[in-house]
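A short worksheet on the structure shown next.
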Amino acid sequence: MLSAAAIAAALTTRWLGRTLEYYPELGSTNVRLAELAAAGAPAGTLVITDHQTAGRGRLGRRWEAPPGSGLLFSLLYRPDWPAERAIWLTMLTALAGRDVLKKHTGAPIYLKWPNDLLGGPPPHAKLAGILMESALVDDRVDWLIVGMGLNVNLSADQLPVAASPPTSLQLLAGRPLDRLALLVDLLAALERRFAAAEQGVSPLAEWSAALINQGRRVMVHPAGGEPWRGIACGTDEWGRLLVERSDGTVQAVAAADVSLRPLA
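Given below as structure tokens:
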């Protein structure tokens, strides 16, 4: 298991993760960190647990893994940004995650719109998810929380049975990984990318180019709406997926599931 002392001793960051809370078990790292943010916790605060009992993914889905098998953490940021720039944090988190997971596994890592990291052979399987939450004041960011859940050391029989089964870093690498070393590298990569964003360097172009949805036939499942097919043809400045419909019109997709389909 991890510990606050071990994490603090291993960190190489200047500020990210330097204030931290570790829990052997916790309902949700995002929920706990939102409480801390509302109470004035400093930028860079890290909440991490070895077992999350009420973890949430995008669209309110539950996310759970066996104790000690994953990396389950949330980070607090307080950038002086306009509200529309908040999406940058999801983008730079995905890019940092891609680079670090590739380094630790030696395997290709793929980004799927809007917030998933995938690995393994086509059609690729989910390794990690990112969940961002925000508080805004007068159309500017008060705080941003980014939660990340990674399947690290899970064997094939520990993964949930699902229509689109996930995978783990252990399965990609062919060996168990050091979760602490992975966390330390992730936080260092995140701090570097956030510093660039603070200087006004947008991650949009790099993130958009990395999405495996691009140029692919997709099935869009809108929240509360009827599914429809199209071809992903880019993203807009707000990070929405642009999908060309059969009639040639292009629609920006925000809150929806997008499943990849082979090109006909």
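First residue of the sequence shown: 46, per my numbering; consecutive thereafter.
For every residue, glycine included, the Cβ atom is placed at its ideal position computed from N, Cα and C.
Given the structure is predicted, the values throughout are model-derived calculations rather than measurements.
Query: Using three-state DSSP, classify Gly62 as helix, strand or coil.; Result: coil
Query: For the structure I just gave you, are there three or more beta carbon pairs, one from the segment 189-207 and one from the segment 114-129, closer than 8 Å?; Result: yes
Query: Under the rule that 16 or more other beta-carbon atoms within 10 Å means buried, what is Trp252, buried or exposed?; Result: buried
Query: DSSP on Ala180, reduced to helix/strand/coil?; Result: strand
Query: Between the C-alpha atoms of Val145 and Leu78, what's the straight-line distance to the nearest angstrom?; Result: 24 Å
Query: Around the Cβ of Val295, are there at least 16 other Cβ atoms within 10 angstroms (buried) or fewer (exposed)?; Result: exposed
Query: Any chance you could list the alpha helix (DSSP H) runs of at least 4 consecutive residues sitting entirely within the segment 101-177, in chain order?; Result: 132-150
Query: Taking Ser196 as the reference, which of Glu70, Glu236, Gly115 has the closest Cα?; Result: Going by the sequence as given, residue 196 is Asn instead of Ser. For the residues Glu70, Glu236, Gly115, the minimum Cα distance to Asn196 belongs to Gly115.
Query: Within a Cβ cutoff of 8 Å, which residues of the same chain sit near Ser291, ignoring the five residues on either side of it in sequence?; Result: Arg274, Gly275
Query: So what does Gln97 bridge to, in DSSP terms?; Result: Leu71
Query: Is the separation between the beta-carbon of His149 and that of Leu204 shorter than 7 Å?; Result: no
Query: Taking 6 Å as the limit between beta carbons, can you name the residues of its chain near Leu232, skipping five residues before and five after?; Result: Thr58, Leu61, Gly62
Query: Looking at C-alpha atoms only, which residue of Met136, Gly260, Ser48, Ala242 is the closest neighbour of Ile175?; Result: Met136
Query: In the DSSP assignment, what residue or residues form a beta bridge with Gln244?; Result: According to DSSP, Gln244 bridges with nothing at all.
Query: Express the C-alpha separation of Gly151 and Leu104 in angstroms, rounding to a whole number.; Result: Interpretation of Leu104 is limited by its pLDDT of 46, a score under 50 that renders its predicted location unreliable; no figure is taken from the coordinates.
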